[in-house]
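*Asks:*
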Amino acid sequence: MRGALQSSAFRALLLLLLAAPLGAQPPASDTTTSEIASESESRDAAEPALVLTAALADAVGAGTSHFLVGAIDEAERRQAECLVIELDTPGGLDSAMREIVKRILGADIPVVVYVAPSGARAASAGLWILLAGHVAAMSPGTTTGAAHPVNLGGGGEVDSTMAIKVENDAASYIRSVAQKRGRNAAWAETAVRESASVSSDEALALGVVDRVEPTLQALLESIDGNEVEVLSGARVLRTKNARVEEIEMGWRDRVLSTIANPNVAYLLLMLGSMGLMMEMWNPGAIFPGVVGAISMLLAFFALQVLPVNSVGLLLLALGVVLLILEVKVTSYGMLTIGGVGCLTLGSLLLFEHPDTFYRVSWSVLIPTVALATLFFLFVVSKGLLAQKRRPVTGQQGMIGLVGTADSRIDPQGRVFVHGEYWNARAERPVESGARIEVVGVEGHQLVVRATS
Numbered sequence: 000m001r002g003a004l005q006s007s008a009f010r011a012l013l014l015l016l017l018a019a020p021l022g023a024q025p026p027a028s029d030t031t032t033s034e035i036a037s038e039s040e041s042r043d044a045a046e047p048a049l050v051l052t053a054a055l056a057d058a059v060g061a062g063t064s065h066f067l068v069g070a071i072d073e074a075e076r077r078q079a080e081c082l083v084i085e086l087d088t089p090g091g092l093d094s095a096m097r098e099i100v101k102r103i104l105g106a107d108i109p110v111v112v113y114v115a116p117s118g119a120r121a122a123s124a125g126l127w128i129l130l131a132g133h134v135a136a137m138s139p140g141t142t143t144g145a146a147h148p149v150n151l152g153g154g155g156e157v158d159s160t161m162a163i164k165v166e167n168d169a170a171s172y173i174r175s176v177a178q179k180r181g182r183n184a185a186w187a188e189t190a191v192r193e194s195a196s197v198s199s200d201e202a203l204a205l206g207v208v209d210r211v212e213p214t215l216q217a218l219l220e221s222i223d224g225n226e227v228e229v230l231s232g233a234r235v236l237r238t239k240n241a242r243v244e245e246i247e248m249g250w251r252d253r254v255l256s257t258i259a260n261p262n263v264a265y266l267l268l269m270l271g272s273m274g275l276m277m278e279m280w281n282p283g284a285i286f287p288g289v290v291g292a293i294s295m296l297l298a299f300f301a302l303q304v305l306p307v308n309s310v311g312l313l314l315l316a317l318g319v320v321l322l323i324l325e326v327k328v329t330s331y332g333m334l335t336i337g338g339v340g341c342l343t344l345g346s347l348l349l350f351e352h353p354d355t356f357y358r359v360s361w362s363v364l365i366p367t368v369a370l371a372t373l374f375f376l377f378v379v380s381k382g383l384l385a386q387k388r389r390p391v392t393g394q395q396g397m398i399g400l401v402g403t404a405d406s407r408i409d410p411q412g413r414v415f416v417h418g419e420y421w422n423a424r425a426e427r428p429v430e431s432g433a434r435i436e437v438v439g440v441e442g443h444q445l446v447v448r449a450t451s
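If you count the sequence shown from 1, position 17 lands on 16 in numbering that gives the first Met the number 0, and the numbers rise without skipping.
1) According to DSSP, is residue 349 part of a helix, a strand, or is it coil?
2) Any contact of the stretch 86 to 99 with the stretch 282 to 297, i.e. 3+ C-beta pairs under 8 angstroms?
3) Which one of 429, 190, 246 has the shortest CA to CA distance from residue 53?
4) Can you check the stretch 32 to 114 for any beta strand (DSSP E) of at least 3 residues that lies completely inside it and give the ranges in chain order?
5) I want to know whether the stretch 230 to 240 touches the stretch 124 to 132 - three or more CB-CB distances under 8 angstroms.
6) Counting C-beta neighbours from all protein chains within 10 Å, is the total for residue 397 16 or more, i.e. buried, or is it exposed?
7) What's the C-alpha gap between residue 169 and residue 249?
8) DSSP state of residue 256, grouped into three classes?
9) Compute the beta-carbon to beta-carbon distance between residue 81 and residue 50, rounded to the nearest angstrom, for a pair I have assumed lies under 8 angstroms.
10) Please report the straight-line C-alpha distance between residue 464 and residue 60, rounded to a whole angstrom.
11) When you compare the CB positions of residue 322 and residue 338, do they come within less than 7 angstroms of one another, or not?
12) Below 8 angstroms, how does it come out for the stretch 176 to 191 and the stretch 136 to 150: are there three or more Cβ pairs, yes or no?
13) How big is the Cα-Cα spacing for residue 273 and residue 72?
14) In this structure, does DSSP put residue 422 in helix, strand or coil?
15) For the stretch 299 to 328, which segments carrying the alpha helix (DSSP H) assignment without a break, of at least 4 residues, lie completely within its bounds, in sequence order?
16) Taking residue 248 as part of the alpha helix (DSSP H), name the residues at either end of that continuous run.
17) Looking at the structure shown, is residue 294 part of a helix, part of a strand, or coil, going by DSSP?
18) Starting from the C-beta of residue 40, find all residues in its chain whose C-beta is less than 7 angstroms away, skip the five residues before and the five after it, and write them out in chain order.
19) Would a C-beta distance cut-off of 7 angstroms place residue 324 and residue 334 closer than the cut-off?
20) Please classify residue 242: is it buried, with 16 or more other beta-carbons within 10 angstroms of its beta-carbon, or exposed?
21) How many angstroms separate the CA atom of residue 288 from the CA atom of residue 318?
22) Got a sec? Which residues, its chain only, sit under 7 angstroms from residue 374 by beta carbon, not counting five neighbours each side?
23) Comparing C-alpha positions only, which one of 305, 77, 220, 423 sits nearest to residue 407?
24) When the Cα of residue 298 is compared with those of 286, 349, 327, 283, which residue comes out closest?
25) Going by beta carbon distance, what residues of the same chain come within less than 6 angstroms of residue 421, once the five residues before and after it are set aside?
26) Closest to residue 224 by C-alpha separation, out of 236, 217, 214, would be which residue?
27) Can you tell me the Cβ-Cβ gap for residue 84 and residue 67, rounded? I've got them flagged as a contact below 8 angstroms.
28) Just to confirm my understanding: we take residue 87, look at its own chain, exclude 5 residues before and 5 after, and list those with CB closer than 6 angstroms. What are they?
29) Going by C-alpha to C-alpha distance, which of 450, 441, 443, 366 sits closest to residue 427?
30) Could you pull the DSSP bridge partners for residue 445 from this structure?
31) Looking only at its chain, what residues have a beta carbon closer than 6 angstroms to the beta carbon of residue 134, apart from the 5 residues adjacent to it on each side?
32) In whole angstroms, give me the CA-to-CA distance for residue 303 and residue 284.
33) How close, in whole Å, do the beta carbons of residue 254 and residue 139 come, if the pair is a contact with beta carbons under 8 angstroms?
34) How about residue 368 and residue 343: do their beta carbons lie closer than 7 angstroms?
35) What do you get for residue 256, buried or exposed, if any count of 16 or more other CB atoms within 10 angstroms of its CB means buried?
36) Taking C-alpha atoms, which residue in 370, 347, 372 lies nearest to residue 360?
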C-alpha cells in the first residue's frame with residue numbers, strides 16, 4: 000500500500016516538473032510582444048511618416064497633368080506614406096484628365112484627393128480625379144459635379160449621334176472609376192448625364208467622398224489607420240503627426256499651364272500677328288519679327304490644347320485683312336468698322352466652351368481689339384507712305400538732284416552735284432556752267448539733262 004502511494008506521488012511530481020516550462024512560456028511571449036510594440040512606437044515617434052502634397056488650382060490641361068503625374072512619380076520614388084492632391088479646378092481637357100486618372104489608379108502609393116480650401120470646387124474633369132483617389136475628401140463649403148462632356152475640339156456643334164456616344168463613353172468611364180473605389184457610381188453617372196452638382200455634406204451623405212475635414216492636418220489625423228488598396232496590395236495609412244512637404248510646380252509646367260490660359264493664348268495670338276505685320280512692312284527691324292514668330296508659335300501650341308472654334312479664328316484673320324485694306328482702298332471708314340467687328344466677334348467666338356474660364360475676358364478683349372486696330376492702321380499707313388517716298392540715299396537718291404555743268408557735255412563731261420564732282424553723260428549737248436538735273440545713274444556715271 001505504501002509503495003503504491005509513493006509511486007503515485009512520484010508520477011504527480013514528474014508531471015508537475017514537465018508542465019512547469021510549458022506554463023512559463025506564455026508570460027515570456029507576452030513580454031516579447033510588449034517590447035516589440037514599444038520599439039515600434041518609439042521608431043514611429045523618432046521617424047514620422049512623410050506626406051507629400053501637390054496643389055492643382057487651375058484648369059486641367061497639359062501643364063497640370065504633367066505636374067500631377069510627376070508628383071505621383073516623386074512620391075513613389077521617395078516612398079512617401081501618401082500624396083495629397085489639393086484640388087480646386089473648374090474642369091478641363093478630357094485627355095489630360097484621363098492621363099491623371101490612369102496614373103492615380105496605377106499608383107503604388109495611396110493618393111488622397113482633397114477639395115480645398117473652403118469655396119473650392121472639383122467640377123467636370125475634377126470629379127473624375129476626386130473619385131479616382133484612394134481617399135476622397137472635401138473641405139466644408141466646397142462643391143463637386145457638373146461633369147457633362149462638351150465639345151472641346153472646336154468646329155461647331157457635334158451631331159446628336161456623336162453627342163450620345165461621347166456622353167455614354169464618359170458615363171461608363173466615371174461609373175467604372177467610382178465602382179473601383181467603392182463609391183456611389185449611380186450618382187457619378189448622374190453628374191455626367193444631368194450635370195448634377197453637390198456640396199461637401201451632400202457628397203459625404205451620398206457616398207461620393209469618404210471624409211469632410213476643415214484642414215489638411217485634420218484630414219491626416221482622420222484617415223490614420225485606414226486601409227487602402229494600392230497597386231502592390233493592401234496598405235495601412237500612418238498619417239498622424241506626419242511630416243508634410245509640398246511639391247511645387249516646376250518652371251516647365253508653369254509655362255505650359257500659363258500659355259494654355261485662354262486670355263494668355265489670345266494675347267499671344269494678337270501679339271504674334273502684330274509683330275509679323277510690323278516686320279513685313281519694315282523689313283530688317285528683326286526684333287518685331289522675332290517676338291512675333293515666338294508669340295505665334297506659343298499661341299499655336301496653346302490653341303492645340305484649348306477648345307478652339309475655327310469660325311472665330313477665321314474672323315480674326317478677316318478682321319486683320321480688312322484693316323490692312325482700309326489704308327489702300329477708299330471706303331470712308333466702312334472697312335475699319337468691318338475689321339473691328341470681325342476682331343470683336345472672332346475674339347468672342349475663338350474659344351467654345353460653356354464654362355467662362357475658357358472664354359476671353361472682356362477686360363482683355365476690349366483693350367486688345369482697340370490696340371490692334373490702332374496698330375494695324377498706323378503701321379500699314381506708315382509702311383505705304385515709306386514705299387511712296389522718294390529714296391534719299393544711294394544711287395537712286397541721286398535722281399532728281401540739280402547741279403551745274405563743270406565742263407561742256409557732248410556727250411561726256413563733268414558736273415558738280417550735291418557738293419561732289421561726277422562724270423556725266425547727256426543725250427543732248429550741255430554748255431559749261433549750265434544748270435543740269437540728274438535723270439539716271441549708270442554705275443559711277445550720272446545721266447543728266449539741261450534745265451531751263
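Ideal Cβ positions, reconstructed from N, Cα and C, are used throughout, including at glycine.
*Replies:* Short version:
1) coil
2) no
3) 246
4) 49 to 55, 81 to 86, 110 to 114
5) no
6) buried
7) 31 angstroms
8) helix
9) 6 angstroms
10) Residue 464 lies beyond the residue range present for the chain, which begins at 0 and ends at 451; the question has no answer from this structure.
11) yes
12) yes
13) 42 angstroms
14) strand
15) 309 to 327
16) From DSSP, residue 248 is part of no alpha helix (DSSP H); its letter is neither H nor E.
17) helix
18) Reliability fails at residue 40, whose pLDDT of 48 lies under 50, so the model's placement of it is uncertain and no value is given.
19) yes
20) exposed
21) 20 angstroms
22) 273
23) 423
24) 349
25) 414, 445
26) 236
27) 7 angstroms
28) 56, 119
29) 450
30) 423, 440
31) 111, 209, 222
32) 30 angstroms
33) That belief does not hold up - the Cβ atoms of residue 254 and residue 139 are roughly 34 angstroms apart, past 8 angstroms.
34) yes
35) buried
36) 347
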